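Notes to accompany the following structure.
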Amino acid sequence: MLRLLFWFFLLTNGVLFAYRMGYLDSALPQKSEPHRIAKQLNPEKIRLLPPGTALKPVVAKAPEEQPAPPPPPPVAQAPKRIECIQVGEFPVSTQSLIEKRLASLKLGVKPVRKDYQEPTRFMVYLPPQGGLAGASQQVKTLQRLGVSNYFIIKNQSALQGGISLGVFSSRASAERYRASITKKGVKNVQVGGRKLVTRRVAYELRGMEESRMLTLQKMMRRFPKQKLEACAGQ
C-alpha cells in the first residue's frame with residue numbers, strides 16, 4: 012500500500028513539473044494574449060474613446076407598429092319608403108292650388124290624382140217587392156214592428172214601389188239608423204245615395220321616402236279638414 016502511494020505522489024509531482032516548465036503547452040488550449048487577439052471578431056470596428064467619455068446605454072428599439080388598416084366605407088342603405096299614402100279629398104275648385112303645393116315640396120314622386128263623387132243625401136229604404144201591392148204589405152209589417160216613419164216611393168224610378176224609412180245628410184247617420192231598424196226585426200234594409208255632387212279630388216303618393224313625411228304633414232296643417240291616410244287596399 013505504501014508503495015502504491017509513493018508511485019502516485021511521484022507521478023503527480025512529475026505532471027506538475029512538466030506543466031510549469033511548459034512541456035504540456037502543445038496539448039492544452041492557449042490562453043495567452045496573442046492567441047486571444049488572433050481570435051477577435053471584426054477588430055476594425057473597435058473605436059477607442061477619449062478618457063472620461065460617458066458611455067450611453069444601447070437601448071433596443073421596439074419594432075415599429077404597423078398602422079391599423081382604415082375601416083371599410085359604410086354601406087349605403089336604401090331609404091325607407093311608404094308604399095302608398097293618400098292626401099285628402101279636396102273640392103275640385105282647389106285642385107290647381109293643391110297640385111302646386113305638392114310640386115313645391117319636391118317629394119321625389121309624382122302625385123296620382125283620384126276623382127271622387129259622393130251623394131249629398133243618403134236614404135234608408137226597403138227595396139220594391141211586388142209593386143204597390145207589395146209595398147202595402149210591407150207597411151203593415153213596419154207598423155206591427157213599431158216603425159212609424161216611412162212613406163211609399165211612387166215616382167218613376169228604379170225604387171218605385173219601395174219604402175223610404177228616412178233621408179240623412181251623411182252615410183254614417185244612415186248606417187246607424189239602419190242598424191236600429193234592423194234590431195226591431197225589419198229585414199232587407201238598404202242605404203243608398205240620392206243625388207251626386209261636384210266631384211272631389213285626392214292624390215296618391217306611391218313610394219315616397221319616409222323622411223319626406225314631416226314636410227307633407229306641415230303642408231296638411233293648412234287644411235285641417237283633410238287627412239293623410241293609407242291608400243285604399245293598403
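Numbering of the sequence shown is given in the working numbering, commencing with residue 12 and proceeding in unit increments.
Glycine included, every Cβ here is placed at the ideal spot set by N, Cα and C.
Note that the coordinates shown come from a computational prediction; the quantities given were computed from them, not determined experimentally.
DSSP three-state label for residue i, please.
i, result
"Ala89", "coil"
"Gly204", "strand"
"Gly145", "helix"
"Arg232", "coil"
"Ala241", "strand"
"Glu220", "strand"
"Ile164", "coil"
"Val178", "strand"
"Ala185", "helix"
"Ala114", "helix"
"Ser104", "helix"
"Thr131", "coil"
"Lys195", "coil"
"Leu170", "coil"
"Val158", "coil"
"Ala79", "coil"
Please look up how many angstroms separate the CB atoms of residue i and residue j, rounded, as I've assumed it's under 8 Å.
i, j, result
"Cys95", "Arg233", "No, Cys95 and Arg233 are not in contact; Cβ-Cβ is about 23 Å, not under 8 Å."
"Met134", "Arg205", "5 Å"
"Lys195", "Gly157", "6 Å"
"Gly177", "Asn160", "6 Å"
"Arg132", "Ser180", "6 Å"
"Gln237", "Phe101", "7 Å"
"Met224", "Ile93", "7 Å"
Buried or exposed, going by whether 16 or more other CB atoms sit within 10 Å of the CB of residue i?
i, result
"Gln149", "buried"
"Arg124", "exposed"
"Val98", "buried"
"Leu153", "buried"
"Gly173", "buried"
"Ala114", "exposed"
"Val212", "buried"
"Tyr127", "exposed"
"Ala185", "buried"
"Val103", "exposed"
"Lys197", "Going by the sequence as given, residue 197 is Val instead of Lys. Under this definition Val197 is a buried residue."
According to DSSP, what are the bridge partners of residue i?
i, result
"Val123", "Glu215"
"Tyr136", "Ser175, Gln201"
"Val98", "Tyr214, Leu239"
Taking 8 Å as the threshold (beta carbon to beta carbon), is residue i in contact with chain B?
i, result
"Ala241", "In the displayed structure, chain B is absent; only one protein chain is listed."
- Task: Mind the definition here: the region 162 to 171 touches the region 136 to 148 only if three or more C-beta pairs lie below 8 Å; say whether that holds.
- Result: yes
- Message: Measuring CB atoms only, is the region 187 to 199 touching the region 228 to 242, in the sense that at least three cross pairs come out at less than 8 Å?
- Response: no
- Would you say the region 115 to 122 touches the region 219 to 226, given that touching needs at least three Cβ pairs under 8 Å? yes
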